[in-house]
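Undergrad:
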Amino acid sequence: MSDPTPPKVPPDWWQSLFDEVYLQTDARTVQDGDLTRREVDGLIQALKLEPHETILDLCGGHGRHALELARRGYRRVTVLDFSFPLLTLGKAQARESRLPVAFIRGDAACAPLAGDSFQVVMILANSFGYGAAPEDDVAILRECHRVLHPGGRLFLEVADPDYIRRQLSAQSWHEAGDLVVCRQRWLMEEYLFCRELVLSRSGGLVRDRGYKVRLYAAARLGDSLKKAGFTQIEVAGQPDLYAREGDYGALNRRLGATAWK
Ligand SMILES: C[S@@+](CC[C@H](N)C(=O)[O-])C[C@H]1O[C@@H](n2cnc3c(N)ncnc32)[C@H](O)[C@@H]1O
C-alpha cells in the first residue's frame with residue numbers, strides 16, 4: 005500500500021537532481037546510444053533538419069542528441085543546460101570525439117543567448133514542466149520564441165499524460181549496476197510526483213529525493229505555445245523507440261509538439 009501523500013518537493017528540485025547519480029539511475033534512457041540514435045533519426049525526419057542549420061538543444065543535459073547530430077555532420081549545434089556535472093561530461097565527450105558542439109550553462113527561462121539566433125530549438129525527453137507555476141513553463145517557451153529566427157521551428161517533447169493516468173505503475177524498481185533504483189509515484193491533478201530511493205549494494209543509501217513534473221495534454225501544450233507566440237502548432241504521439249519492454253517512467257510514452265515562430 006503506497007503512502008497517500010506525495011513528498012514535499014522544493015520548487016528548485018531540478019537544479020540539483022541531474023548529476024552523476026541521475027546518469028546511472030536513468031542510464032537505460034540517457035546512456036543508451038542505440039536509443040539516442042533512433043531518437044535522432046526521428047528528429048531529422050520529423051523536423052527535416054539540414055546540416056547547415058543552427059540548432060539549440062535546450063535542457064539538453066550531457067548533449068547526447070547534440071553529439072549524435074554532430075557525428076552526422078550537423079556542425080552548428082548548441083546545448084544549454086543548468087546542470088554543471090552533465091555539461092562537464094558533454095564537453096569532455098565532445099573534446100574526446102572532436103565534435104563541434106557548444107555547451108552553455110544557464111537557465112532556460114532566461115537563456116544567455118542572443119535573440120533570433122537559431123533556426124531550430126528542441127526540448128527533448130521530458131525536460132519540460134518543471135516550473136513552480138505554469139507561467140514559469142511559459143517563460144521557457146517565450147525564450148525559445150525569442151532565440152529563434154523568424155520562421156524558425158521548435159520541437160518540444162513531453163510525457164504523454166493519458167498514458168501516465170492509465171498505465172504508469174505507482175511503484176517500480178530496477179537495477180543499474182551497483183545501484184537499486186526504487187520509485188514511488190503519485191498522480192495529483194496536474195502533476196506527476198515521484199519519490200526516488202537509490203540504494204547502493206556496496207554503500208547503502210545514495211539518495212532519497214522527490215521531484216514533480218507538470219503534465220501537459222495536447223490542448224494545454226498548444227495553449228502554452230500559443231501564449232508564447234508560436235503558430236502552426238501540431239501535437240502528436242511519438243513512436244515508441246525502446247528496444248525492450250520496461251518501466252521507463254514518464255518517458256515510456258511521449259507527445260511531441262512542433263511549432264513555428
Ligand atoms: C530529463 S533531463 C534530459 C536531458 C536531455 N534532454 C536528454 O534527453 O538526455 C532534463 C534536463 O533539463 C535540464 N533543465 C531542466 N530545467 C532547466 C532549466 N530551467 N534551465 C536549464 N536546464 C534545465 C536539467 O538540468 C536536465 O539536464
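So that you can map any letter, position 89 of the sequence shown is 93 in the numbering used here, and since no number is skipped, the others follow by simple counting.
From the three backbone atoms N, C-alpha and C, an ideal C-beta is built for every residue, glycine too.
Predicted model, so just to flag it, every value in this text is computed and none were measured.
Does the beta-carbon distance from residue 220 to residue 133 come in below 8 Å?
TA: Against a cut-off of 8 Å, the Cβ pair of residue 133 and residue 220 comes out as a contact.
Undergrad: Rounded to whole angstroms, what's the CA-CA distance from residue 199 to residue 106? Just pull it up for me.
TA: For residue 199 and residue 106, the distance between alpha carbons rounds to 33 Å.
Undergrad: Around the Cβ of residue 64, are there at least 16 other Cβ atoms within 10 angstroms (buried) or fewer (exposed)?
TA: With 16 or more other Cβ atoms within 10 Å, it is buried.
Undergrad: Give me the Cα-Cα distance between residue 10 and residue 197, rounded to the nearest whole angstrom.
TA: So the two alpha carbons sit approximately 6 Å from each other.
Undergrad: State the start and end residues of the unbroken beta strand (DSSP E) segment that holds residue 183.
TA: It spans 183 to 192 - the beta strand (DSSP E) in which residue 183 sits, taken as one unbroken run.
Undergrad: What are the complete beta strand (DSSP E) segments, minimum 3 residues, inside the stretch 139 to 227?
TA: Whole beta strand (DSSP E) segments, 3+ residues: 152 to 163, 175 to 180, 183 to 192, 195 to 204 and 208 to 218.
Undergrad: Closer than 6 Å between the C-beta and any heavy atom of ligand 1: which residues qualify, listed along the chain?
TA: The set, ordered by position in the chain, is 18, 22, 34, 63, 64, 65, 68, 85, 86, 87, 90, 111, 112, 113, 128, 129, 130, 131 and 134.
Undergrad: Residues bridged to residue 293 by DSSP?
TA: Nothing about residue 293 can be reported from this structure: the residues present for the chain run from 5 to 265 only.
Undergrad: Among 148, 116, 255 and 115, which residue has its Cα nearest to the Cα of residue 123?
TA: Answer by Cα proximity: 148.
Undergrad: Would you mind working out which of 177, 182 and 181 sits nearest residue 189, comparing C-alpha positions?
TA: Closest option to residue 189, Cα to Cα, is 177.
Undergrad: Would you mind working out which of 114, 262, 169 and 255 sits nearest residue 129, comparing C-alpha positions?
TA: Of the listed residues, the one whose Cα sits closest to residue 129 is 255.
Undergrad: If you drop the 5 nearest sequence neighbours on each side, which residues of the same chain put their C-beta closer than 6 Å to that of residue 205?
TA: So the list reads 182, once near-sequence residues are dropped.
Undergrad: If you drop the 5 nearest sequence neighbours on each side, which residues of the same chain put their C-beta closer than 6 Å to that of residue 89?
TA: Result list for residue 89: 23 and 24, in chain order.
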